[in-house]
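Data first, discussion second: the structure below is written as structure tokens.
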Amino acid sequence: METSILEAREAVEAAGRVVVFTGAGISAESGVPTFRGSGGLWRSFRPEQLANPMAFSRDPRLVWEWYQWRRTLVRECAPNPGHRAVAEAQVRAAAQGSPDAVRVITQNVDGLHARALSEALAGKAHDPAMEPIELHGSLFRLTCSVCDYGQPRRAAVETSSRAALPRCPECGKLMRPAVVWFGEMLEPDVLDEAHAAAGSCDLCLVVGTSAVVEPAASLPRVAAAAGATVVEVNLEPTALTPIADIAVFGPAGETLPALLDGWAPDPAVG
Ligand code: BJW
Ligand code: ZN
Numbered sequence: 005m006e007t008s009i010l011e012a013r014e015a016v017e018a019a020g021r022v023v024v025f026t027g028a029g030i031s032a033e034s035g036v037p038t039f040r041g042s043g044g045l046w047r048s049f050r051p052e053q054l055a056n057p058m059a060f061s062r063d064p065r066l067v068w069e070w071y072q073w074r075r076t077l078v079r080e081c082a083p084n085p086g087h088r089a090v091a092e093a094q095v096r097a098a099a100q101g102s103p104d105a106v107r108v109i110t111q112n113v114d115g116l117h118a119r120a121l122s123e124a125l126a127g128k129a130h131d132p133a134m135e136p137i138e139l140h141g142s143l144f145r146l147t148c149s150v151c152d153y154g155q156p157r158r159a160a161v162e163t164s165s166r167a168a169l170p171r172c173p174e175c176g177k178l179m180r181p182a183v184v185w186f187g188e189m190l191e192p193d194v195l196d197e198a199h200a201a202a203g204s205c206d207l208c209l210v211v212g213t214s215a216v217v218e219p220a221a222s223l224p225r226v227a228a229a230a231g232a233t234v235v236e237v238n239l240e241p242t243a244l245t246p247i248a249d250i251a252v253f254g255p256a257g258e259t260l261p262a263l264l265d266g267w268a269p270d271p272a273v274g
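Right, dumping it as structure tokens:
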């Protein structure tokens, strides 16, 4: 296994189709706390405690309070150079006629990849393939806890009492954040799209994830099994490091610009 940034840049240069698979670490330099590891605490709750359907049925106000606190925190954060380097590579690829040559698959619910893309596009129309595949949903969408009703919502959710919590306009039951909790299935279409992208790339850049939460953590293995080169970017070794061809230990906000700036995948390469 190589650990050099130069080796990683060479691997990127040689790639025609790239998947960038990200976790909480890519947003750490934007000020969004990670889930695990040092500094990885969301207001002293472990994700397993509150990010599950039982916690919501037991105490929806506590769960909503936690999410509203996170929504407020994340809304004040901005994309960092790591998100921007990825979005700018997507825009360069699209300008060369390959809008799907750099696919972003994220476990993050913070919407920062989408914001970076929209900033990089500066109002220009874009192909839907450029949008991030958000495996675990979004903090800024709500969904009914019972029926299929869903809605985007950035405005604050009132959590002062159970009676004040948002209700579904269709069936009257409680609304909840449109995120995937432990024990819940990922949206099949979303997971299928991620599998297809991972299985058809020739380079999988794995950034800022501890790679312990399934089924997401298996996607780089899908890419590796299909013959892709796996490049990991993290502060420290992870569960995935043993299968990485190249590991770069450093902050994503510095490493991704070094790997991606000025580069666009050449459809003839890879
Ligand atoms: C930096 C950095 C910098 C920091 N630069 N790097 C197979 C085996 C075992 C268990 C299971 C299995 N299949 C399913 C399960 C159960 C479960 C699971 O995986 N449990 C494991 C914890 C053991 N999975 C599920 O329940 C999933 N559902 C499912 O499989 O359904 C089918 C089923 C149901 C029932 C039974 C069996 C099957 C759903 C999982 C949903 C996860 N949801 C969360 C919460 C989302 C909503 C919310 O945010 O509130 O998703 S949990 C949380 O973890 C969140 C994240 O997306 C996810 C991954 O975390 P991530 O991104 O890796 O963050 P960290 O903090 O762990 O790591 C940060 C990394 O960044 C670190 O490595 C740092 O070093 C690094 N870093 N700064 C670069 N500047
Ligand atoms: Zn409903």
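One gets my numbering by counting positions in the sequence shown from 1 and adding 4 to each. In this text, a Cβ means the ideal position worked out from N, Cα and C, and glycines have one as well. In this text the structure is predicted, and so the values were computed from the model without any measurement.
Chain-order list of residues whose beta-carbon lies under 6 Å from that of V113 (same chain, five-residue window excluded): H140, G141, S142, L143, V183
Just the C-alpha distance for E135 and E191, rounded to the nearest angstrom, thanks. 16 Å
So, does the region 236 to 249 touch the region 209 to 216, judging by three or more C-beta pairs under 8 Å? yes
I need the residues with a C-beta less than 6 Å from some heavy atom of ligand 2; please give them in chain order. C148, V150, C151, Y153, C172, E174, C175, K177
Under 8 Å Cβ to Cβ from K177, same chain only, skipping five residues before and after it: list those, please. C148, S149, V150, C151, R171
Use the C-beta contact count for V216: other C-beta atoms within 10 angstroms, 16 or more gives buried, fewer gives exposed. exposed
Which of the three DSSP states, helix, strand or coil, is assigned to R50? coil
Here's the rule I'm using: 16 or more other beta-carbon atoms within 10 Å means buried, otherwise exposed. How should C175 be labelled? exposed
Secondary structure at Q94, three-state DSSP: helix, strand or coil? helix
Taking 7 Å as the CB-CB cut-off, is G187 touching chain B? In the structure shown, chain B does not exist; there is a single protein chain.
May I ask you to list the residues that DSSP assigns as paired with G109? As written in the sequence, residue 109 is Ile, which differs from the Gly given in the question. DSSP lists F25, I137 as partners of I109.
What residues match up with Q155 in a beta bridge as DSSP calls it? L146
Give the straight-line distance between the Cα atoms of C208 and G187, rounded to the nearest whole angstrom. 27 Å
Looking at C-alpha atoms only, which residue of Y153, T38, T26, M58 is the closest neighbour of E138? T26
Starting from A182 and walking both ways along the beta strand (DSSP E), at which residues does that stretch end? 179 to 183
In the DSSP assignment, the beta strand (DSSP E) including F60 goes from what residue to what residue? No beta strand (DSSP E) holds F60; the alpha helix (DSSP H) holding it covers 57 to 62.
Take T110 as the anchor and find which of H130, A262, S222, R180 has the nearest alpha-carbon. S222
So what does C205 bridge to, in DSSP terms? According to DSSP, which records beta bridges pairwise, C205 is partnered with nothing at all.
Thinking C-alpha only, which one of L264, A272, P269, P271 is nearest V90? L264
Cα separation between A198 and S122? 21 Å
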